[in-house]
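In the numbering used here, the protein residues as written are 3 to 80.
The beta-carbon is built from N, C-alpha and C at its ideal position, and this holds for glycine as well.
Just so it is clear, the structure is predicted and the values come from calculations on it, not from any experiment.
The structure appears below as structure tokens.
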């Protein structure tokens, strides 16, 4: 049973030797930064001086967008 476990570990170790081409990493990096640039533009709050009904300003910093950015940027670095 230990030999079976060892063979599975060596199989997983073999997958580590396969490199990911640089272009895939660059495409993913560009996609993540483009997505969050669009989020910064799209998730902005309305101007409260204009008097839009039902759209009161509740927070100044988009907390969930920042958390999402930290998650994806951290995941990108792994």
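Which listed residue (the options) has its alpha carbon closest to that of residue i
i          : options    : result
residue 75 : 43, 44, 36 : 36
residue 46 : 78, 67, 55 : 67
residue 65 : 41, 55, 52 : 41
Pair within 8 angstroms by beta-carbon distance, residue i and residue j
i          : j          : result
residue 38 : residue 71 : yes
residue 78 : residue 34 : yes
DSSP three-state assignment for residue i, whether helix, strand or coil
i          : result
residue 52 : helix
residue 8  : helix
residue 43 : helix
residue 63 : coil
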